Structure formats: structure tokens, C-alpha cells
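A short write-up of the structure that comes next.
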Amino acid sequence: MSGRCQCGHIAFEVEGVARDVHYCHCGMCRRAVGNAFATLAWFHASQIRWRAAEPASYRSSPIARRGFCDRCGSPVYLAYDRSRQIALMVGLFDRPQSLVPTHHYGVQGRLPWVDIGAQLPAHPTAANPRPRD
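At position 76 of the sequence shown the residue is numbered 387 (our numbering), and the sequence of numbers has no breaks.
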């Protein structure tokens, strides 16, 4: 699978399947993507190949950093410090329809008017999230 940011400066390819795809409603993800929730696809770092430039990054919390395009500002990824997994933003993929969310995360931050995937399992944000490697 492949994808890119809005301007194309950041482009990537991933091999294999996503380890997890979900909606995240936590306040940090909402702010990072400027929307009511983020839709994230998790891959092991070794599955991702940056085709041109690598994203710029910033520390978004004491336990994670977020990547973005330093030209157009597109949010690109979320990565926890103690994990070898990276969550890519599903909207960046050339074929996002192939990445189907299986659950909601950070549901304590879910806005009351968000009406998507109501049948999916829902989990609160962990005090110290650590995705499985």
C-alpha cells in the first residue's frame, strides 16, 4: 500500500497488513488532525518505507511523538516511545477503503454528535498506552 501527504513531499509505502486500524477520539488525536477523531492504521516500523523525505516530528506528550509534513502541514503519524509500531493516518493512503476500523479508542473524548461505527467495540484511553510490538 502507498500514500502521501497533501502536497506529496512525504510519500510512503507499507508492506503487509496493518496490525490494527481504529478510530481515536482522545483530545490529543482530535487536535493533531483538527477533526472530531483520528483514524489510525498501525504498522511495525519495519513495514514502512519513506519514498522521499521523512516527516518532521514533534513531541506531543511525554510518551509519544507525531509526524507531519513540514511543507503542507498534513498530519502523518503517531509513535509511542516504547513501541516499534507507528500509526499512519488512514486518510493519507491512496486506497484508504482497504483499511477498515475494528474499534474505537479514547472513547471518553468521543463527541456526542459523532455517529460512526456504533456497532464497534469501544475502549477508554489507557493511563500509559503501549501498543503491542
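Where a beta carbon is used, it is the ideal one built from N, C-alpha and C, also for glycine. This structure is a prediction, so every number in the text was calculated from the model and none was measured.
Is residue i helix, strand or coil by DSSP?
i	result
M339	helix
A347	coil
V387	strand
G417	coil
Where DSSP assigns a beta bridge to residue i, which residues make up the other side?
i	result
A322	R315
L431	DSSP output for L431 lists no bridge partner at all.
W424	Note: W424 sits in no beta bridge, so no partner.
Q396	H355
D331	W353
G378	S368, Y388
R360	E324
Thinking C-beta only, is residue j closer than 8 Å to residue i?
i	j	result
H355	R421	no
G428	Y334	yes
S347	L410	The sequence given here places Ala at residue 347; Ser does not occur at that position. No. Outside cutoff.
A398	A433	no
Q358	G327	yes
A364	M400	no
Please report the straight-line C-alpha distance between residue i and residue j, rounded to a whole angstrom.
i	j	result
S372	L389	11 Å
E324	T436	29 Å
P386	G345	9 Å
P407	G384	20 Å
V332	W361	20 Å
R382	D405	19 Å
Contact between the segment 370–377 and the segment 317–325 (3+ Cβ pairs under 8 Å) = The segment 370–377, when compared against the segment 317–325, does not touch it at the 8 Å Cβ threshold.
message = Using a Cβ distance threshold of 8 Å, determine whether the segment 356–372 contacts the segment 411–428, with at least three qualifying pairs required.
response = By the Cβ rule, the segment 356–372 does not count as touching the segment 411–428, because fewer than three pairs are nearer than 8 Å.
query = With contact counted as at least three CB pairs below 8 Å, one residue from each stretch, are the segment 328–347 and the segment 421–438 in contact?
reply = Cβ pair count under 8 Å is three or more, so yes.
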